[in-house]
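Student: Quick one: structure below, then a few questions.
2 protein chains.
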Amino acid sequence: MAVAARRKFRREGEERRRQDLIEATLDCVAEHGLQGATVRAIALRAGVTAGLIRHYFPGKEELLQAAYVTVMERMTELAKTALATVEHEPGRRLAAFVAANLAPPVVDTGTFSIWASFIGRAGSDPALGIAHRAGYLGFRDEVETLVADALASSGRHASPAELRRLAIAVNAVIDGLWLEGCLAGDMFETGELAEIGIGSVEAMLGLRLRGEREVA
Amino acid sequence: MAVAARRKFRREGEERRRQDLIEATLDCVAEHGLQGATVRAIALRAGVTAGLIRHYFPGKEELLQAAYVTVMERMTELAKTALATVEHEPGRRLAAFVAANLAPPVVDTGTFSIWASFIGRAGSDPALGIAHRAGYLGFRDEVETLVADALASSGRHASPAELRRLAIAVNAVIDGLWLEGCLAGDMFETGELAEIGIGSVEAMLGLRLRGEREVA
DNA sequence: CAAATATTTATACACTTGCATAACAACGCT
DNA sequence: AGCGTTGTTATGCAAGTGTATAAATATTTG
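Here the protein sequences come in this chain order: A and B. Following full-length UniProt numbering, the numbering of the first sequence begins with 1 at its first residue and continues without gaps. Following full-length UniProt numbering, the numbering of the second sequence begins with 1 at its first residue and continues without gaps.
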């Protein structure tokens, strides 16, 4: 009488397993929203059994929060990477920042689905709400700095109040175009969103951010 | 031996019940996301028992779709109402449209929560995706018309391609500011978002939309 | 006022959910 | 090699899920 064979397994490092579980969670959320992120679905995708989740996280709730934090870190990290690799002229830096946020991998249906799923609950779930606001303000501060530098390098200086308004507006354009790109990417040519974004920011600031020959 | 008394009830009209169920669904989604929208929670909020849902809808899925359609109809309807009540000068119409979309009741945490919850699944659920795209394009067409009129009334004419770009950009600013307002409304003064939105649109179009004395 | 109709309730069912627990086996240590 | 530690699996459970069905009652009809 053959007894059911117990499944073989390997012991992965703690950090590695945690990361795998978070990744699997994000995949589930991206595909079917928070509803699709059941402990069993997550475990299946991570290649483990459901019980293991509770060995690394107090409960499903904490795993979801960790996943959300990871997403936001990843998004801001992508934006900063775009800044690090680009030249020092402030106008070009701002343009590069805008462009980077309006093209893959930032513009991505999976990422958007995750973002929307989590943010929908940020209003009712305090932990998620706090995590969101921190990420949002960080992003806006980054925008404000870039805008201030771009203005200063062209000899203009704005009052703090005006700077704030401009940062909010620039941030909004980026967010709005990002949204449209994620939701209906097929409606735009490659680079079109970035083009529109940079053009809009130029108009709002009254500056040219790019050299004359780069408009393509 | 007292037999459990059967609950009293009233027969509401068909359309009324359907609307009540949809309303209850939206309340549930607004509070706890799609996860909170269980048939029992919905029924409880609508003041009926769970079984009744299946008398008015083939299944829960169809109720959710109907609820989503209702939300989008309501949002676009609000925007159009703002247009109907305002004067005929094209610039002012555009300004009023922008302002209406950046203040309550369009800017509202509950509405946003619903929107985010549904749109997160618009990528994977074809029915929701179609419903979304239709609503989105309708909104953008509206923007494009308003922009075209505003430009024309000030003697400028844009090519179709340029008009398209401007409409996308204006749409993005509205979306982005709406998002910020819904997520962190307490960070903005009353009317500040509308002010920023109109200012940004003016800059992008190179027009003044308001009379000189209305800037407040 | 009685009968017919169909809205609404009540109950049951199969399934999924997150979580608890105990058995097990992979790995590090000596 | 043997042993202990603990990462991992397997199993079970109570609560909650959507749905199916029958019974009951509010309302309409004759």
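Using N, Cα and C, we set each Cβ at its ideal position, and we do this for glycine too.
Identify whether glutamate 214 of chain A lies in helix, strand or coil by the three-state DSSP scheme.
Tutor: Residue placement at glutamate 214 of chain A is flagged as unreliable, the pLDDT there being 49, under the threshold of 50; the coordinate-derived value follows with that caveat. In the structure shown, glutamate 214 of chain A sits in a helix (DSSP, three-state: H, G or I).
Student: Given that a residue counts as buried once 16 or more other Cβ atoms are within 10 Å of its Cβ, and exposed if not, what is glycine 123 of chain B?
Tutor: Buried, by the Cβ-count rule.
Student: On the three-state DSSP scale, how would you describe alanine 167 of chain A?
Tutor: Of the three classes helix, strand and coil, the one that applies to alanine 167 of chain A here is helix, per DSSP.
Student: For valine 147 of chain A and glutamate 162 of chain B, I'd like the C-alpha separation in whole angstroms.
Tutor: Going from the Cα of valine 147 of chain A to the Cα of glutamate 162 of chain B covers about 25 Å.
Student: Closer than 9 Å, Cβ to any Cβ of chain B: which residues of the UniProt domain "HTH tetR-type" (15 to 75) of chain A, in chain order?
Tutor: Per Cβ criterion, the list reads Val29, Ala30, Glu31, His32, Gly33, Leu34, Gln35 and Gly36.
Student: Measure from the alpha carbon of glycine 155 of chain A to the alpha carbon of each residue in A/Gly181, A/Ala194, A/Leu205 and A/Gly197, then state which is nearest.
Tutor: Checked all of A/Gly181, A/Ala194, A/Leu205 and A/Gly197; the closest Cα to glycine 155 of chain A is A/Leu205.
Student: According to DSSP, is histidine 132 of chain B helix, strand or coil?
Tutor: Note: histidine 132 of chain B maps to helix in three-state DSSP.
Student: Taking the Cβ atom as the reference point for each residue, do glycine 176 of chain B and aspartate 175 of chain A lie within a distance shorter than 9 Å?
Tutor: Against a cut-off of 9 Å, the Cβ pair of aspartate 175 of chain A and glycine 176 of chain B comes out as a contact.
Student: Considering Cα atoms alone, identify which of B/Arg140, B/Ala37 and B/Gly33 is closest to alanine 79 of chain B.
Tutor: Ranking the options by Cα distance to alanine 79 of chain B, first place goes to B/Arg140.
Student: Nearest chain A C-beta to phenylalanine 112 of chain B closer than 9 Å, yes or no?
Tutor: So, interface residue.
Student: Residues in the same chain with beta-carbon distance under 6 Å from phenylalanine 57 of chain A, minus the five sequence neighbours each way, listed in chain order, please.
Tutor: Leu63.
Student: Using a Cβ-Cβ distance under 9 Å, would serine 154 of chain A count as near chain B?
Tutor: So, not an interface residue.
Student: Please state if the CB of valine 48 of chain A and the CB of arginine 17 of chain A are separated by a distance shorter than 9 Å.
Tutor: Yes, Cβ-Cβ distance for arginine 17 of chain A and valine 48 of chain A is below 9 Å.
Student: Does the beta-carbon distance from valine 143 of chain B to alanine 158 of chain B come in below 9 Å?
Tutor: Not a contact, by the Cβ cut-off of 9 Å.
Student: Spell out whether any CB of chain A is found under 9 Å from the CB atom of alanine 148 of chain B.
Tutor: No, alanine 148 of chain B lies away from the interface with chain A (no Cβ there is under 9 Å from its Cβ).
Student: Going by beta carbon distance, what residues of the same chain come within less than 6 Å of leucine 193 of chain A, once the five residues before and after it are set aside?
Tutor: Closer than 6 Å at Cβ, skipping near neighbours: Leu102, Leu177 and Gly181.
Student: When the cut-off is 9 Å and only beta carbons count, does glycine 197 of chain B lie next to chain A?
Tutor: Chain A, which has a Cβ nearer than 9 Å to the Cβ of glycine 197 of chain B, makes this yes.
Student: Just to make sure I have the definition right: I need the residues of chain A whose C-beta is within less than 9 Å of the C-beta of valine 107 of chain B. Which are they?
Tutor: None at all; the shortest Cβ gap to chain A is about 13 Å.
Student: Closer than 9 Å between beta carbons: that is the criterion. Which residues of the segment 199 to 210 of chain B meet it against chain A?
Tutor: Under the 9 Å Cβ criterion, the segment 199 to 210 of chain B contributes Gly199, Ser200, Ala203, Met204, Leu205 and Gly206.
Student: Between the Cα of aspartate 186 of chain A and those of B/Lys60, B/Arg133 and B/Gln19, spot the shortest distance and give me the residue it belongs to.
Tutor: With distances taken between Cα atoms, aspartate 186 of chain A lies closest to B/Arg133.
Student: Would you list, in chain order, the members of the segment 126 to 151 of chain A that have their beta-carbon closer than 8 Å to a beta-carbon of chain B?
Tutor: Listed by position along the chain: His132, Arg133 and Tyr136.
Student: To the nearest angstrom, how far is the alpha carbon of valine 215 of chain A from that of histidine 55 of chain B?
Tutor: With a pLDDT of only 45 at valine 215 of chain A, under the threshold of 50, the placement of this residue in the model should not be trusted, and no figure is reported.
Student: Compare the C-beta of alanine 169 of chain B against all C-beta atoms of chain A and say whether one is closer than 9 Å.
Tutor: By this cut-off, alanine 169 of chain B is an interface position.
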